[in-house]
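Following the numbering used here, the numbering of the sequence shown begins with 5 at its first residue and continues without gaps. In this text, a Cβ means the ideal position worked out from N, Cα and C, and glycines have one as well. These figures come from a predicted structure and were not determined experimentally. Working notes, structure below.
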Amino acid sequence: MSAPIELLCDVAIIGAGTAGLAAERAARANGAKTLLIDPNFDGTTCANVGCMPSKLLIAAAKARRSVDRAQVFGVNVGDVSVDGESVMQRVQDERDRFAALTRKSIREIPDGIRIEARAKFSGRCTLDLDDGRSITAKTIVIATGSRPAMPDAFAKLGDRALTNRTIFELATLPRRLAVVGAGAIGLEMAQAFAGLGVAVALFDKSETMAKVRCPRVHDALEAIISDELEVHLGVDVTPERRGDEVCLRWEGKSVGEAMFDYVIVAVGRPPVLDGIAIENAQVALDSDGVPCHDRATMRCGDSPIFLAGDVANDLPLLHEASHDGAIAGRNAAAYPAEVKTDRHVPFTITFTDPPVVSIGESEADGAVSGCSDYSDQGRARVEARAEGAVTLYAAAPDGVLIGADLVAPAGEHLGHLLAWAIQNEMTATQVLTMPFYHPTIEEGLKQALRTVCAATPIEIPATQDAGSPSGG
5 MSAPIELLCD VAIIGAGTAG LAAERAARAN GAKTLLIDPN FDGTTCANVG CMPSKLLIAA
65 AKARRSVDRA QVFGVNVGDV SVDGESVMQR VQDERDRFAA LTRKSIREIP DGIRIEARAK
125 FSGRCTLDLD DGRSITAKTI VIATGSRPAM PDAFAKLGDR ALTNRTIFEL ATLPRRLAVV
185 GAGAIGLEMA QAFAGLGVAV ALFDKSETMA KVRCPRVHDA LEAIISDELE VHLGVDVTPE
245 RRGDEVCLRW EGKSVGEAMF DYVIVAVGRP PVLDGIAIEN AQVALDSDGV PCHDRATMRC
305 GDSPIFLAGD VANDLPLLHE ASHDGAIAGR NAAAYPAEVK TDRHVPFTIT FTDPPVVSIG
365 ESEADGAVSG CSDYSDQGRA RVEARAEGAV TLYAAAPDGV LIGADLVAPA GEHLGHLLAW
425 AIQNEMTATQ VLTMPFYHPT IEEGLKQALR TVCAATPIEI PATQDAGSPS GG
């Protein structure tokens, strides 16, 4: 009987999603011999079941809303129908195209680096593969990602319970849909399906959607979402399958019972750590079973183990996963030397219509805030999109911007501008000295910025002292 084959490398990366790919590139760019291990190499979560298919569905709903809104401008389009099969076919076709492009980029990784297998720790720096081979590495990066949670009560529903992994495989739109979980995924899916004519009800045990911190912004969001679908917050739900339907009962702030064709379960995405024998890595774990790590280096304690991406259970976002991977790969290659990296300001976008954005901090010693109301903002009113609110947070006494919550037209663009200003530690006064073209959605920020300035000893710039004559 021949001895098992042992592979040697400087850096072994477990998982070929966004974070793992970034870690492999960074490690190799820093002179390391790398091995990238994945059982399928079928592309990233973003392309297959995340960012891209969800935005394709959201785009279809946005097109349908644009037709409805046309009447406001005196544009009458007559009878309108939604072809559910065509909607889902385009989602799947374009999704497959994006996924194929990611797989193509993976195939371009030099020969000998990709290892198609499942790996588990056999020691701190050794891995056993399910094909009988083993790997000994100087350092190891864990980038195994996350998966949608499926509580037992919903698992019993079988194919009537959907997650982001299965929802995009539907051949057509359902008639009635329940969405359990009012986080980013739940909110996006609930509003998108409702916008396409599906009867949707949204449930969450929390009384807050999308973790919005500002009550004023949350009130605006709840009004927007409730205009298109049923919203039940602060409730516990109990599902029961009845043939090809689901009976959902709920109690709490409201009580009721209704029948649905499907339930989307969007109650979280726990890290994937089962199956890799993490106990053999000899690293400390937190209360959730995730290796304790330093976000400035992605290193687990003083070990040669690093984390990257959703498995780290920090901020499960693509740009954070990519940044994690770059940091982990570089430090894994340089081990035992360390390079600490300043992290981006925390920044999330939920692609509702209009988008919800959360940036940075909301509280600090002596913090002040300022609000802008978009329900009568000039450009938003021109576009028949006058809805939403913005709250900015700033540190006293100088008014340095530290965070923001908003739901507003063009929110993803406002969010980027604010995230850049916050990361560069700009004051509200400095932002007000920047040019604001008229009439634009960006002008609406001036009301909040002026309020922040008024709460600090810093004088409002004279050129920005007055509002525009048309609600800017």
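Just reading off the alpha helix (DSSP H) that residue i is part of, what are its end residues?
i	result
Glu251	Note that residue 251 is Cys in the sequence shown, not Glu. Element bounds for Cys251: not the alpha helix (DSSP H) but the beta strand (DSSP E), 249–256.
Thr22	22–33
Glu10	Counting along the chain, Glu10 falls outside any alpha helix (DSSP H), though it belongs to the beta strand (DSSP E) covering 10–18.
Phe158	156–159
Val221	219–230
Gly260	Careful: Gly260 lies outside any alpha helix (DSSP H), inside the beta strand (DSSP E) at 260–264.
Val287	It is not in any alpha helix (DSSP H) - Val287 carries neither H nor E in the DSSP assignment.
Cys50	49–53
If the criterion is Cβ atoms closer than 8 Å, does the pair residue i and residue j meet it?
i	j	result
Ala285	Cys296	no
Met193	Ala300	no
Asp42	Arg107	no
Ile309	Ile144	yes
Met56	Phe125	no
Asp377	Arg217	no
Leu39	Ile117	yes
Asp134	Ala121	yes
Val71	Ile228	no
Asp240	Glu255	yes
Val294	Asn317	yes
Leu252	Glu211	no
Leu206	Ala224	no
Phe355	Lys160	no
Thr176	Gly35	no
Ala414	Ile445	yes
Glu416	Ile353	yes
Gly201	Val86	yes
Pro8	Gly136	yes
Gly370	Arg454	no
Gly448	Thr431	no
Val204	Val184	no
Specify, as a first and last residue, the run of the beta strand (DSSP E) that residue i falls within.
i	result
Gly364	360–364
Lys142	138–146
Asp377	372–377
His2	Outside the shown range of the chain, which is 5 to 476, sits residue 2, and nothing can be said about it.
Gly127	123–127
Val351	Before going on, a small fix: residue 351 reads as Phe here, not Val. Counting along the chain, the beta strand (DSSP E) containing Phe351 begins and ends at 351–354.
Arg180	180–184
Gly78	Element bounds for Gly78: n/a, residue is neither H nor E.
Thr38	38–42
Thr130	130–133
Ile119	118–120
Below 8 Å on the Cβ atoms is my contact criterion, and I expect residue i with residue j to pass it. Report the Cβ-Cβ distance as a whole number of Å.
i	j	result
Leu191	Ile268	With 8 Å as the limit, Leu191 and Ile268 do not qualify as a contact, their Cβ atoms being about 11 Å apart.
Leu396	Val456	6 Å
Ala400	Thr460	6 Å
Ala214	Val360	5 Å
Asp265	Pro152	With a Cβ gap of about 19 Å, Asp265 and Pro152 do not count as contacting.
Asp314	Pro320	4 Å
Ala31	Gly333	4 Å
Ser138	Thr130	6 Å
Thr49	Gly78	With 8 Å as the limit, Thr49 and Gly78 do not qualify as a contact, their Cβ atoms being about 44 Å apart.
Ser150	Arg347	With a Cβ gap of about 19 Å, Ser150 and Arg347 do not count as contacting.
Thr140	Glu10	6 Å
Glu261	Arg303	Incorrect: roughly 51 Å between the Cβ atoms, too far for contact.
Is the stretch 189–199 close to the stretch 220–237, with three or more CB pairs under 8 Å? yes
For the structure I just gave you, are there three or more beta carbon pairs, one from the stretch 379–391 and one from the stretch 359–369, closer than 8 Å? no
Can you give, in chain order, each stretch of the alpha helix (DSSP H) that sits fully within the stretch 384–450 and has at least 4 residues? 415–427, 432–436
Between the stretch 167–176 and the stretch 334–342, can you find at least three pairs of beta-carbon atoms closer than 8 Å? no
So does the stretch 392–400 actually touch the stretch 89–96, counting three or more Cβ pairs closer than 8 Å? no
Which whole runs of the alpha helix (DSSP H) in the stretch 82–112 are 4 residues long or more, in chain order? 88–111
At least 3 beta-carbon pairs within less than 8 Å: the stretch 243–250 vs the stretch 272–281: no
Is the stretch 153–167 close to the stretch 16–31, with three or more CB pairs under 8 Å? no
Please give the ranges of any beta strand (DSSP E) in the stretch 306–356, keeping only runs that are unbroken, at least 3 residues long and fully inside the region. 309–311, 351–354
At what residue ranges does the stretch 167–214 contain a whole run of the beta strand (DSSP E), taking only runs of 3 or more? 180–184, 203–208
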